Amino acid sequence: MDLKPHIEKFRKRFAEVEAWLSDAKVFDNPQNAQELSREYARLKDLVAAGAAYLKAIAELEANRALLKTEPAESELALMAKEDIAQLEAAEKKFGHQIHFGLVPPDPTDSRNTIVEIRAGAGGNESALFAADLYRMYGRYAEARGWKIETLDSSASDLGGFKEIIFQINGTDVFKRLKYESGVHRVQRVPATEAQGRIHTSTCTVAVLPEAQEVDVEIKPEDIDVTVCRASGKGGQGVNTTDSAVQIQHRPSGLTVRIADERSQIKNRAKAMTVLRSRLLEIKVAEENAKYAAHRKQQVGTGDRSEKIRTYNFPQNRVTDHRIEVTLYNLANFIDGDLDGLVDPLMTNDMEERLAALPS
Numbered sequence: 318m319d320l321k322p323h324i325e326k327f328r329k330r331f332a333e334v335e336a337w338l339s340d341a342k343v344f345d346n347p348q349n350a351q352e353l354s355r356e357y358a359r360l361k362d363l364v365a366a367g368a369a370y371l372k373a374i375a376e377l378e379a380n381r382a383l384l385k386t387e388p389a390e391s392e393l394a395l396m397a398k399e400d401i402a403q404l405e406a407a408e409k410k411f412g413h414q415i416h417f418g419l420v421p422p423d424p425t426d427s428r429n430t431i432v433e434i435r436a437g438a439g440g441n442e443s444a445l446f447a448a449d450l451y452r453m454y455g456r457y458a459e460a461r462g463w464k465i466e467t468l469d470s471s472a473s474d475l476g477g478f479k480e481i482i483f484q485i486n487g488t489d490v491f492k493r494l495k496y497e498s499g500v501h502r503v504q505r506v507p508a509t510e511a512q513g514r515i516h517t518s519t520c521t522v523a524v525l526p527e528a529q530e531v532d533v534e535i536k537p538e539d540i541d542v543t544v545c546r547a548s549g550k551g552g553q554g555v556n557t558t559d560s561a562v563q564i565q566h567r568p569s570g571l572t573v574r575i576a577d578e579r580s581q582i583k584n585r586a587k588a589m590t591v592l593r594s595r596l597l598e599i600k601v602a603e604e605n606a607k608y609a610a611h612r613k614q615q616v617g618t619g620d621r622s623e624k625i626r627t628y629n630f631p632q633n634r635v636t637d638h639r640i641e642v643t644l645y646n647l648a649n650f651i652d653g654d655l656d657g658l659v660d661p662l663m664t665n666d667m668e669e670r671l672a673a674l675p676s
């Protein structure tokens with residue numbers, strides 16, 4: 318594929334967006350200004366990659382021409398061969414970046430994200446694994462400079478979680494975490510196992526982009542809101558006031574309960590945020606089912622009916638079953654070093670989306 322026309326297209330669009338952002342009137346509409354700023358950042362990277370790609374091609378042509386005129390063992394020829402190897406790698410690298418730039422960005426990639434972890438098969442061990450996953454995502458968020466806020470949780474007897482819901486705010490959170498949706502399986506010897514036998518347990522992870530009011534419409538008459546006395550952590554202020562809020566959305570049958578804050582108003586706002594995000598997930602899944610049935614749904618939408626990953630502690634191994642990639646550094650991975658699987662998952666998704674574009 319000749320990438321030069323696409324590089325020029327990126328350059329022209331970048332100049333247009335840059336000119337718009339220099340006009341103070343653009344910021345009268347904060348949402349539009351934010352979208353333009355995101356597009357500006359994306360195009361800036363693509364324009365830089367395009368310039369580097371064209372430079373690599375030009376230098377490759379010059380070095381290959383030099384090889385035709387110089388003796389094979391001359392100093393100039395040997396230097397040219399070394400340069401060619403480096404330039405070919407650069408051409409491939411920046412070419413890939415430009416190819417991926419042809420895929421329209423997912424508008425939800427830059428959204429803040431709600432993560433829900435629920436214990437599955439395995440009883441107390443599953444709940445302990447849910448706590449391990451929560452810690453894993455917390456460490457990953459910390460390393461990337463994201464902020465994490467717990468929305469609701471239900472503790473188990475041994476210190477794990479039957480369920481925990483939290484929000485992560487930052488740059489490109491959903492872009493990097495959306496592939497975590499699915500069934501996570503752990504194989505290890507539980508702390509409660511007296512005979513040293515390996516047990517298999519599961520947890521379900523749901524990753525939802527934070528929905529905006531324009532994404533889904535929630536009519537007041539479609540929801541039932543009830544309040545009750547919260548229980549668990551939070552001190553007497555939580556436990557003695559009717560601060561917990563439960564919202565039921567009748568058309569979808571979804572129910573959200575939040576009791577993390579002492580304030581009923583804050584809990585209601587958080588519950589509405591979670592409800593919107595769950596409704597958006599349903600909406601996106603329906604659209605993907607209609608228009609992207611040929612894609613691997615467990616990668617593209619995080620279909621939670623499929624086992625996506627296995628964490629095998631005795632072998633220090635973590636395997637992602639969607640892309641058949643295995644890493645033998647489970648200790649680091651569970652400590653938040655997720656990029657060894659996140660990056661290949663992102664690349665795989667981009668390649669599939671690129672292949673689906675009209676030729």
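Residue numbers (this note's numbering): 318 to 676.
We put the CB at the ideal spot given by N, CA and C, even for glycine.
Nothing here was measured: the structure is a model prediction, and the numbers come from that model.
- Inside the stretch 326-372, DSSP marks no whole beta strand (DSSP E) run of 3 or more residues.
- Pairing E527 with Q348, the inter-Cα distance amounts to about 15 Å.
- For E510, same chain residues with a beta-carbon under 7 Å away, outside a window of 5 residues either side, are H516 in chain order.
- The stretch 396-415 and the stretch 344-359 do not touch, with fewer than three beta-carbon pairs separated by less than 8 Å.
- The continuous alpha helix (DSSP H) containing R452 extends over residues N441 to A460.
- With respect to I434, Y457 sits apart: the two C-beta atoms are not nearer than 7 Å.
- Within the model, the alpha-carbon separation for G476 versus D577 is close to 18 Å.
- In this structure, the beta-carbon distance from N665 to I625 does not fall below 7 Å.
- Excluding residues up to 5 positions away in sequence, nothing lies with its Cβ nearer than 7 Å to the Cβ of S391 in the same chain.
- Of the other Cβ atoms in all chains shown, 16 or more fall within 10 Å of the Cβ of E497; this residue is therefore buried.
- Leaving aside the five residues that flank R585 on each side, the residues in its chain whose CB is nearer than 6 Å to its CB run, in chain order, V562.
- For G412, the enclosing alpha helix (DSSP H) covers residues E392 to G418.
- Excluding sequence positions up to five before and after N629, its CB lies within less than 6 Å of the CB of Q504, all in the same chain and listed in chain order.
- When rounded, the separation of the alpha-carbon atoms in T636 and T643 is 4 Å.
- Between L383 and L371 a beta carbon distance of about 19 Å is seen, past the 8 Å cut, so the two are scored as non-contacting.
- G437 is positioned such that its CB atom lies closer than 7 Å to that of T519.
- I415 has its alpha-carbon roughly 15 Å from the corresponding atom of K329.
- Remark: C-beta atoms of K479 and S471 approach each other more closely than 7 Å.
- A448 and F483 have their C-alpha atoms some 12 Å from each other.
- When rounded, the separation of the alpha-carbon atoms in R514 and E603 is 42 Å.
- The beta carbons of A444 and F411 sit no closer together than 7 Å.
- Residue environment analysis places D469 among the buried positions, since at least 16 neighbouring C-beta atoms fall within 10 angstroms of its C-beta.
- Closest option to V533, judged by alpha-carbon separation, among H323, F344 and L596: L596.
- Within the stretch 564-592, the runs of beta strand (DSSP E) at least 3 residues long that lie entirely inside it are, in chain order, 571-575.
- E480: member of the beta strand (DSSP E) spanning F478 to N486, first to last residue.
- Straight-line spacing of the CA atoms in K342 and N486 works out to 28 Å.
- Assignment of D539 by DSSP, reduced to helix, strand and coil, places it in the helix class.
- In the DSSP assignment, A523 falls within the unbroken beta strand (DSSP E) covering H516 to P526.
- When the Cα atoms are used, A588 and E352 turn out to be separated by approximately 26 Å.
- CA-CA distance, D654 to A332, rounds to 37 Å.
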